Amino acid sequence: MELDKKDSSILTALAANARMPLTQLSKRVGLSREVVDYRLKQLVKKGIVQSFCTETDVMRLGYTKYVVYLEIIGVDEKREAEIIDFVRKDAFTSWVVTTPGKWSIIFDVYAQTITDLDEKMGELKKSIGRNLGKQELATIKHYEHFHEKPWGLINQQKAKKNAPTNKGSIDDTDLRILHLLSNNARTEYVQLSEKLKLTPEAISRRIRRLEHEGVIKAFYLVIDLNKLGFDHYNIQLLLNNAASEEQKRLTKYLSNHPQVTFIYEPISGWDLECGVIMKGAKELHDFIRELRKLHPMNIHVRDIIPIYEGIKSTAPPEGVFNYKG
């Protein structure tokens, strides 16, 4: 599916700030408010835009992020769908995807303690039962998403990120705002006001404060890149000299690469994992070859995981927004 220049401009602007008001968006792309609204609704209707999400620093909410890799064995299509649906519906999972490789399902899970994590994984294993094959779990010590990167391939603009300021406290009203915006970042102030019983001005001040303090890291688009001709791969890397200057150079290279959409640093198992979007196997091959050329003595590719289908977005799951009432 091809995008025309106006649709590409709309999505480029929203990639930098998915909460941008229609009036401001229309000025940015040179179209009337009504035309922009229609075009955006058509992009959603066609499934190109899947959702408008808010990236929240879940560590500020007391949670650690883990990535779970599961192999599902001995299942028919119905049983596989049941397992995927169980994972998707869990209140503490996000970014649920399926793959055609050795892992059947990959997903993020959030927990406050090791005991909490053990209980969640125990429930999962009990549900899957004898259909559970190999499994792997990575504790994420650092991660960074580059939500605007896909538009570096379509339109060479980049979003500018503000550095967070001081860290204040987060109350129940803040948590409710984060929850409401999590998987619907374009919720209007009037709608938020009705649900929160606060004035739009008071809500706006709270959102700005949460952004300045780094609790809200980004308002971003979730796009079905397959519809635009891209394939998504996760690449796991082992490094000879982890935590060295060489790794810093590699991380900087990946961060600046237009086709790298995220970087994870797990505590053990492998040293780096990155997501890349490519048009075909040749682009992927060229990317790996360039990595090895730039860092010939340091990089080993542990695994390349093709992502088949996105089941649940990367937005923080509802379970992390623990508030009263």
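First residue of the sequence shown? That's -8 in our numbering, and the numbers climb one at a time after it.
Ideal placement from N, C-alpha and C gives every residue a C-beta, glycine not left out.
Keep in mind that this is a model prediction, so the values were computed, not measured.
Own chain, CB closer than 6 Å to residue i, minus 5 neighbours either side, in chain order
| i | result |
| --- | --- |
| residue 158 | 204 |
| residue 318 | Within the shown structure, residues of the chain are numbered from -8 to 316, placing residue 318 beyond reach of any answer. |
| residue 238 | 230 |
| residue 33 | none |
| residue 245 | 251, 254, 265 |
| residue 41 | 213, 215 |
| residue 222 | 269 |
Residues near residue i by beta carbon distance below 7 Å, same chain, minus five either side
| i | result |
| --- | --- |
| residue 180 | 191, 194, 195 |
| residue 82 | 308, 309, 310 |
| residue 19 | 4 |
CB-CB length for residue i against residue j, believed under 8 Å
| i | j | result |
| --- | --- | --- |
| residue 211 | residue 131 | Their Cβ separation, rounded to whole angstroms, is 18 Å, which puts residue 211 and residue 131 out of contact at 8 Å. |
| residue 10 | residue 206 | About 15 Å; that fails the 8 Å criterion. |
| residue 85 | residue 63 | About 19 Å separates the two Cβ atoms, so there is no contact after all. |
| residue 253 | residue 137 | 6 Å |
| residue 342 | residue 169 | Because the chain spans -8 through 316 in this model, residue 342 falls outside it and cannot be assessed. |
| residue 74 | residue 119 | 6 Å |
| residue 302 | residue 225 | 15 Å between Cβ atoms; not a contact. |
Neighbour-count burial assignment, residue i, 16 or more Cβ in a 10 Å radius
| i | result |
| --- | --- |
| residue 240 | exposed |
| residue 68 | exposed |
| residue 47 | buried |
| residue 289 | buried |
| residue 317 | The structure shown does not extend to residue 317, since the chain is modelled only from -8 to 316, so the question has no answer here. |
| residue 35 | exposed |
| residue 232 | exposed |
Through-space distance from residue j to residue i, alpha-carbon basis
| i | j | result |
| --- | --- | --- |
| residue 66 | residue 60 | 17 Å |
| residue 264 | residue 49 | 20 Å |
| residue 197 | residue 182 | 15 Å |
| residue 247 | residue 286 | 16 Å |
| residue 17 | residue 107 | 46 Å |
| residue 272 | residue 281 | 14 Å |
| residue 45 | residue 7 | 12 Å |
| residue -6 | residue 216 | 12 Å |
| residue 111 | residue 100 | 9 Å |
| residue 72 | residue 79 | 10 Å |
| residue 150 | residue 124 | Residue confidence is low: residue 150 scores 44 on pLDDT, short of 50, so the model does not pin down where it sits. Its coordinate-derived value is still stated next. Cα-Cα distance, rounded: 41 Å. |
| residue 140 | residue 219 | 14 Å |
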